[in-house]
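Going by the working numbering, the sequence shown runs without a break in its numbering and finishes at 215. Yeah, the Cβ is synthetic: ideal placement off N, Cα and C, and Gly gets one too. Accompanying notes for the structure given below.
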Amino acid sequence: MGGRSEDVSPSGKRRFRRPLGLRIIGGEFKGRRLQYSGDWSVRPMRDRVREAVFNILREAIPGSVVLDIFAGTGAMGLEALSRGASFAYFIEKDPVACQFLRKNVTHLGVNERAEIIPADVFLWWKHHPSFSRQPHVAFCCPPYELYTEAGDAMKELITGLMRELPSDSVVVVEAHDRYDFSQLPLPEQWDVRTYRPSRIGFFWKESTTSDAA
């Protein structure tokens with residue numbers, strides 16, 4: 003596992019911390035370690051929160067297509083592959099994060115079940131291909147500051163996922179614990195759980211759900 007302890011240079015260089023122990027929690031690859039750079043901007047979801055999220059998604063994961071949006075370490079998509087997802091797309095613009103993602107995909111032997119898309123998420127969304135009819139699980143776990151710095155773009159992204167993913171898909175959104183999920187379309191259909199300092203919202207798109215506004 004690489005990375006430096008921390009870089010707080012006034013020259014504006016990236017800051018690094020000693021990478022936390024990151025592992026697959028359940029499924030085929032349970033206990034396997036994942037690598038990441040230690041970049042301060044990468045904020046892996048804590049193990050206990052990730053375990054809670056996947057316990058909620060238990061029946062949705064097997065056979066699904068996964069979108070790991072703002073993938074960072076790739077832990078969400080790789081955890082899903084471990085638990086039986088058929089394929090995972092990792093969308094991440096940072097080249098260092100993508101480098102470690104490729105190492106982890108190869109280390110777990112899931113190259114044929116994964117694609118890393120090195121792109122800005124918002125630009126990717128504007129040009130993304132049509133989704134297959136197979137149920138999807140979309141993880142949207144951005145840096146928290148994007149909810150204020152790019153609030154309209156974040157809402158457009160989440161709304162688009164709600165609208166365009168096929169029936170029986172799930173959209174999972176991570177935000178800071180002050181984020182108001184009621185500002186999103188169909189607020190009554192969001193199942194919101196708080197795991198301070200995070201808040202996780204689950205939107206289950208059923209066959210009878212009308213398109214998001």
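Report task. Decide if the stretch 26 to 40 is in contact with the stretch 100 to 110; the criterion is three or more beta carbon pairs, one per stretch, under 8 Å apart. Result -> yes
Requested in this report: Compute the distance between the beta-carbons of residue 94 and residue 52, then report whether it is under 8 Å.
Outcome: Here residue 94 refers to the residue found at position 92 when the sequence shown is read from its first residue. Here residue 52 refers to the residue found at position 50 when the sequence shown is read from its first residue. No, they are not a contact pair.
Requested in this report: Ignore the nearest five residues each way along the sequence and tell me which others in residue 159's own chain have a CB closer than 6 Å to its CB.
Outcome: As a working mapping, residue 159 is identified with position 157 in the sequence shown. For residue 159, where only same-chain residues beyond five positions count, the Cβ hits under 6 Å are 127.
**Report entry** residue 138 - DSSP class collapsed to helix/strand/coil
**Finding:** As a working mapping, residue 138 is identified with position 136 in the sequence shown. Of the three classes helix, strand and coil, the one that applies to residue 138 here is strand, per DSSP.
Query raised in the report: residue 114: which of 120, 134, 136, 91 sits nearest, CA to CA?
Result: On the sequence shown, residue 114 is found 112 positions in, with the first residue counted as 1. Comparing Cα-Cα distances from residue 114 to each of 120, 134, 136, 91, the minimum goes to 91.
Query raised in the report: Between residue 71 and residue 141, which are expected to be in contact by the criterion C-beta below 8 Å, what is the C-beta distance as a whole number of angstroms?
Result: What you label residue 71 is simply residue 69 of the sequence shown in a count that begins at 1. What you label residue 141 is simply residue 139 of the sequence shown in a count that begins at 1. The pair is a contact, with the Cβ atoms about 6 Å apart (cut-off 8 Å).
Requested in this report: For residue 147, count neighbouring C-beta atoms within 10 Å of its own C-beta (all shown protein chains included) and say buried if the count is 16 or more, exposed if not.
Outcome: As a first step, residue 147 must be located in the sequence shown, where it is residue number 145. Exposed, by the Cβ-count rule.
Query raised in the report: Any idea what DSSP makes of residue 69, helix, strand or coil?
Result: Locating residue 69 in the sequence shown gives position 67, counting from the first residue. Residue 69: strand per DSSP, three-state reduction.
Query - For residue 26, the nearest candidate out of 208, 76, 99, 139 (CA to CA) - result: Here residue 26 refers to the residue found at position 24 when the sequence shown is read from its first residue. Cα-wise, what sits closest to residue 26 is 76.
Report task. Alpha carbon to alpha carbon, how far is residue 194 from residue 177? Give it in angstroms, no decimals. Result -> As a position in the sequence shown, residue 177 is number 175, starting the count at 1. As a position in the sequence shown, residue 194 is number 192, starting the count at 1. Cα-Cα distance, rounded: 10 Å.
**Report entry** CB contact flag (residue 111, residue 29, <8 Å)
**Finding:** As a position in the sequence shown, residue 111 is number 109, starting the count at 1. As a position in the sequence shown, residue 29 is number 27, starting the count at 1. Taking 8 Å as the Cβ cut-off, residue 111 and residue 29 do not qualify as a contacting pair.
Query - residue 121 versus residue 55: straight-line alpha-carbon distance, rounded - result: Counting from one through the sequence shown, the residue named residue 121 turns up at place 119. Counting from one through the sequence shown, the residue named residue 55 turns up at place 53. Approximately 26 Å, taken between the alpha carbons.
Query raised in the report: From what residue to what residue does the beta strand (DSSP E) around residue 196 run?
Result: Counting from 1 along the sequence shown, the entry for residue 196 is found at position 194. Segment 192 to 197, the beta strand (DSSP E) holding residue 196.
Query raised in the report: Just curious, the alpha helix (DSSP H) that residue 82 is in, first and last residue?
Result: Here residue 82 refers to the residue found at position 80 of the sequence shown. Where residue 82 is concerned, the enclosing alpha helix (DSSP H) stretches over 77 to 84.
Query raised in the report: Would you report the Cα separation of residue 215 and residue 84, rounded to the nearest angstrom?
Result: Within the sequence shown, numbered from 1, the residue matching residue 215 stands at position 213. Within the sequence shown, numbered from 1, the residue matching residue 84 stands at position 82. With a pLDDT of 46 at residue 215, under the threshold of 50, the predicted position of this residue should be treated as unreliable, though the coordinate-derived value follows. One C-alpha to the other measures close to 34 Å.
Query raised in the report: residue 161 and residue 125: beta carbons closer than 8 Å?
Result: Here residue 161 corresponds to residue number 159 of the sequence shown, with the count starting at 1. Here residue 125 corresponds to residue number 123 of the sequence shown, with the count starting at 1. No, these two residues do not count as a Cβ contact at 8 Å.
Report task. Could you name the residues that DSSP lists as bridge partners for residue 178? Result -> Locating residue 178 in the sequence shown gives position 176, where the first residue counts as 1. Looking at the DSSP assignment, residue 178 forms a beta bridge with 200.
Query raised in the report: Based on the DSSP secondary-structure assignment, which residues constitute the bridge partners of residue 91?
Result: Working through the sequence shown from its first residue, we reach residue 91 at position 89. 69, 117.
Query raised in the report: Under three-state DSSP, which class holds residue 55?
Result: Locating residue 55 in the sequence shown gives position 53, counting from the first residue. Correct three-state label for residue 55: helix.
Query raised in the report: Would DSSP call residue 35 helix, strand or coil?
Result: Within the sequence shown, residue 35 is the residue found at index 33, counting from 1. Note: residue 35 maps to strand in three-state DSSP.
Query - Nearest-angstrom Cβ-Cβ length linking residue 173 and residue 164, presumed shorter than 8 Å - result: Start at 1 with the first residue of the sequence shown, and residue 173 comes out as number 171. Start at 1 with the first residue of the sequence shown, and residue 164 comes out as number 162. About 6 Å separates the two Cβ atoms, so the contact holds.
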